[in-house]
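If you want our numbering, it's the position in the sequence shown, counting the first as 1, plus 38. Encoded as C-alpha cells, the structure appears first; notes follow it.
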Amino acid sequence: MGNTHTLDLGGVLARVLFCIFIVFSAYNASGYSYYHWVTSDALQPPSEHVLQIAIAGALGFGFYTIGDITRRSLQKGGVGLITIMFAAASWYLVEAEWVELRTTDDLITAGQLTVVGILTFGVSFSFLHYRLGGVKQVEET
C-alpha cells in the first residue's frame, strides 16, 4: 500500500485559497470583513448577532485547523524558520521596490499575505516532506 495521495497544482491552489479566505475574511483593509461587520455602528437585529457568533466559531475553527496543521507539520523550529524566510522575502520585495507600501493598509495587507504564505507552506509541507525524504508523518494516539 503506497501513498495514493498526491499534491498537485490543484491541491496547492486549494490550500492557498483556503488560507487567503480565512485570513482575509477575518480582517482586511477594504472594510468588508468579519471585524468590520461586528464593529459597525449600524443597528443590527438580534438574529444577526447569533449569525456573528456562528461565523466567529467557523473562523476560529479555520484558524485553529490551519494553525494546528502548520504547527504539527513544521514543528516549532520550522515555523520560526519559515516565518523568518517569508518575513525576509517580504522585506526584500519592499526594499527592492517591487512592492510599494504607501499606507498603513498596504502594510497590513503585506503582513496578511506573509501570514498566508506561512500557513500555506505549513499545510502543504507534509506532502513535500514525504516526496523529498520519503518520511511520512503520522498522528500519535
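For each residue, glycine too, the CB sits at the ideal point set by N, CA and C.
Note down the Cα distance separating residue i from residue j, rounded to an integer number of angstroms.
i: phenylalanine 59; j: isoleucine 120; result: 21 Å
i: tyrosine 72; j: leucine 45; result: 31 Å
i: proline 55; j: tryptophan 136; result: Note on identity: in this sequence residue 55 is leucine, with proline being the wrong assignment. Going by the C-alpha atoms only, they are around 23 Å apart.
i: glycine 100; j: tryptophan 75; result: 18 Å
i: methionine 39; j: arginine 53; result: With a pLDDT of 48 at methionine 39, under the threshold of 50, the modelled position of this residue cannot be trusted; read the value that follows with caution. Their Cα atoms are separated by approximately 26 Å.
i: isoleucine 122; j: serine 85; result: 43 Å
i: arginine 140; j: valine 132; result: 11 Å
i: alanine 92; j: glycine 69; result: 20 Å
i: arginine 110; j: leucine 47; result: 23 Å
i: phenylalanine 124; j: tyrosine 130; result: 10 Å
i: proline 83; j: phenylalanine 165; result: 46 Å
i: glycine 105; j: lysine 114; result: 12 Å
i: leucine 170; j: alanine 134; result: 32 Å
i: aspartate 143; j: alanine 126; result: 20 Å
i: leucine 145; j: glycine 49; result: 29 Å
i: histidine 87; j: glutamate 138; result: 38 Å
Kindly indicate which residue of the options has the alpha-carbon position closest to the one of residue i.
i: glycine 155; options: Pro83, Ser68, Tyr70, Cys57; result: Cys57
i: glutamine 150; options: Ile93, Pro84, Val61, Phe101; result: Val61
i: tyrosine 65; options: Ala94, Leu51, Val50, His87; result: Ala94
Assuming contact is defined by CB atoms lying nearer than 8 Å, are residue i and residue j in contact in what I supplied?
i: alanine 67; j: threonine 147; result: yes
i: valine 117; j: threonine 103; result: no
i: leucine 97; j: serine 128; result: no
i: leucine 89; j: phenylalanine 163; result: no
Say whether chain E places a C-beta atom closer than 8 Å to the C-beta of residue i.
i: leucine 89; result: Absent from the structure: chain E. Only one protein chain is present.
Within the present structure, is the beta-carbon of residue i separated from the nearest heavy atom of the ligand ADP by less than 7 Å?
i: leucine 81; result: Among the components modelled here there is no ligand, and therefore nothing to report on the ligand ADP.
Checklist entry - How do the stretch 153-170 and the stretch 75-84 stand: do at least 3 beta-carbon pairs fall below 8 Å, yes or no? => result no
Checklist entry - Considering only residues of the stretch 66-139, which uninterrupted alpha helix (DSSP H) runs meet the minimum length of 4 residues and lie entirely inside it, listed in chain order? => result 72-76, 84-133
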